[in-house]
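Numbering (my numbering) for the sequence shown: 1 to 296.
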Amino acid sequence: MEITFLGTSSMIPTKERNHVSLFLNYNGKGFLFDCGEGTQRQMKIAGIPLAKINKIFISHWHGDHVLGLMGVIQSLGALDGDRVLEIYAPKGAKKYFKSMCESIAFDFRVKVKLFEVSSGKVFENDKILVTCASLKHGVPCVGYSFKEKDYRKVLMNQLEKLGVPEGPHIGKLQLGEDIVWKGNKIKFNDCTKLVVGKKFSYVTDTLLVDNCYKLAQDSDLLVCEGTYLSDLKEKAEEYLHMTAEQASLLASKSGVKQLVLTHFSARYKSNEELEKEAKTYFNNVKIAYDFMKVKV
Numbered sequence: 001m002e003i004t005f006l007g008t009s010s011m012i013p014t015k016e017r018n019h020v021s022l023f024l025n026y027n028g029k030g031f032l033f034d035c036g037e038g039t040q041r042q043m044k045i046a047g048i049p050l051a052k053i054n055k056i057f058i059s060h061w062h063g064d065h066v067l068g069l070m071g072v073i074q075s076l077g078a079l080d081g082d083r084v085l086e087i088y089a090p091k092g093a094k095k096y097f098k099s100m101c102e103s104i105a106f107d108f109r110v111k112v113k114l115f116e117v118s119s120g121k122v123f124e125n126d127k128i129l130v131t132c133a134s135l136k137h138g139v140p141c142v143g144y145s146f147k148e149k150d151y152r153k154v155l156m157n158q159l160e161k162l163g164v165p166e167g168p169h170i171g172k173l174q175l176g177e178d179i180v181w182k183g184n185k186i187k188f189n190d191c192t193k194l195v196v197g198k199k200f201s202y203v204t205d206t207l208l209v210d211n212c213y214k215l216a217q218d219s220d221l222l223v224c225e226g227t228y229l230s231d232l233k234e235k236a237e238e239y240l241h242m243t244a245e246q247a248s249l250l251a252s253k254s255g256v257k258q259l260v261l262t263h264f265s266a267r268y269k270s271n272e273e274l275e276k277e278a279k280t281y282f283n284n285v286k287i288a289y290d291f292m293k294v295k296v
């Protein structure tokens, strides 16, 4: 799992920070979280092909999180008109998306499937589970949790000692089943180990509410907004945002391993104050910048 930050500003971009978006690469498939203005250009600069986008997860329908959608969809259509693009977004998104499409002369070459989500399971396959929970903002807003499922790793050196070669029977061991090889019973517990899957959580544009903790719980990586410093806490509450200090409190209380702050007010020209405040409750924190990469 690798995260690339494509934009780290909030409502107003700066010379250094684009509107918010991040790209998650998992086993060669790409998942885009939010799609602010200029996202496709940021992907080109980062060397990430648009065709890598598998699904898009939108936190809410404010412009700084969605104004790049039309460009991404149009370019994907030029690349591959047969593809189906799945977009997940909070309730009301279908109405907003329809209005967005009708506002321009738009040639739909890509089939878009838009799913409105509010809580619980968003997407699941044999390797990952994506869930969401509602947050507290001025419009319907959700945060996401991207969880790799636990899996069994076969210890090939142990199998060699038991005289078992590679083959289709390995799949049964991975599923937690014993096998019989040349009359001998091979127990899966003796030649596999359970690997706990990684968890990434994305929380932005919200007050610090209970669902923030539910999403962040036991995350290997929490990406969270740190829009303001605590001296502007009242402003943060007025606009329904979190401070860097609150983000660090969230991480410290949720068993998070690593915290990365993003979505900063354009007023902050330096990372020093943001990082200092973020370490109030949690030490393993980084301040995101455009094109920064983080492995989970």
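We put the CB at the ideal spot given by N, CA and C, even for glycine.
Worksheet item: Under a Cβ-count criterion, where at least 16 other Cβ atoms within 10 Å of its own Cβ denotes burial, should I48 be classed as buried or exposed?
Response: Around the beta carbon of I48, 16 or more other beta carbons lie within 10 angstroms, which makes this residue buried.
Worksheet item: Taking the Cβ atom as the reference point for each residue, do L207 and F188 lie within a distance shorter than 7 angstroms?
Response: In this structure, F188 does not lie closer than 7 angstroms to L207 by Cβ.
Worksheet item: Hey, would you say L221 sits closer than 7 angstroms to V296, going by beta carbons?
Response: Yes; because the gap between Cβ atoms is below 7 angstroms, this pair is in contact.
Worksheet entry | N-terminal and C-terminal residue of the beta strand (DSSP E) that S99 is part of | S99 -> not in any beta strand (DSSP E); alpha helix (DSSP H) instead, spanning 93 to 102.
Worksheet item: What's the C-alpha gap between L274 and A78?
Response: In this structure, the straight-line span from the alpha carbon of L274 to that of A78 is close to 41 angstroms.
Practice prompt. Have a look at I114 and F5 and give me their C-alpha separation to the nearest angstrom.
Written response: In the sequence as displayed, the identity of residue 114 is Leu instead of Ile. Approximately 24 angstroms between the Cα atoms of the pair.
Item to complete: With DSSP as the reference, please indicate the residues paired to V84 in a beta bridge.
Response: Assignment of beta-bridge partners to V84 by DSSP yields K111.
Discussion item. I'd like the ranges of any beta strand (DSSP E) spanning at least 3 consecutive residues and lying wholly in the region 12 to 91.
Written reply: Complete beta strand (DSSP E) runs here, min 3: 21 to 26, 29 to 33, 53 to 57, 84 to 90.
Worksheet entry | Endpoints, the beta strand (DSSP E) within which E177 is located | Following the DSSP letters along the chain, one finds E177 in no beta strand (DSSP E), marked with neither H nor E.
Worksheet item: Out of curiosity, what's the CA-to-CA distance linking V112 and P90?
Response: C-alpha separation (whole angstroms): 16 angstroms.
Practice prompt. Provide the residue span of the alpha helix (DSSP H) that contains C141, from first to last.
Written response: Segment: none, C141 is in no alpha helix (DSSP H) and carries neither H nor E.
Worksheet item: Where DSSP assigns a beta bridge to N184, which residues make up the other side?
Response: Partner(s): W181.
Practice prompt. Look up E194 in the DSSP assignment and give the residues it is bridged to.
Written response: Rather than Glu, the amino acid found at residue 194 in this sequence is Leu. Looking at the DSSP assignment, L194 forms a beta bridge with R152.
Worksheet entry | Where the alpha helix (DSSP H) containing S134 begins and where it ends | Careful: S134 lies outside any alpha helix (DSSP H), inside the beta strand (DSSP E) at 128 to 134.
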